[in-house]
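Structure record follows, encoded as structure tokens.
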Amino acid sequence: MYATHTPNLLSDALERAYSRSFLDTSYQPLQLGKAVRQLGRALKRAVTATGRFIADAINAQAEARARDMHYTRTPW
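Residue numbers for the sequence shown follow my numbering, beginning at 112 and rising by one.
So, in structure tokens, the structure goes:
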């Protein structure tokens, strides 16, 4: 008998083993609270990094102004 003539291409033993291995895996269901906490932490890190970048830019401008009293914000 050819595999193309059977409605199920997997043998019963293979199908049982596949089902058992699929059910035995350490599948973790989606945990909404954990995902929200991770998203919150990532957002906090992004806001902190952006704030530090802005502060560094402001400090660099202040240092340049202190070194050269003719400093303006225009690049030309």
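All C-beta atoms, glycine included, are put in the ideal place defined by N, C-alpha and C.
(request) Work out the CA separation of Ala153 and Ile169 for me, nearest whole Å. (result) 24 Å
(message) Mapping the DSSP letters down to three states, classify Gln142 as helix, strand or coil.
(response) If DSSP states are grouped into helix, strand and coil, Gln142 belongs with coil.
(message) Tell me the rounded alpha-carbon separation between Leu211 and Gly151.
(response) Nothing can be reported for residue 211: it is not among the residues displayed for the chain, which extend from 112 to 187.
(request) Indicate the three-state DSSP secondary structure (helix, strand or coil) for Asp167 in the structure shown. (result) helix
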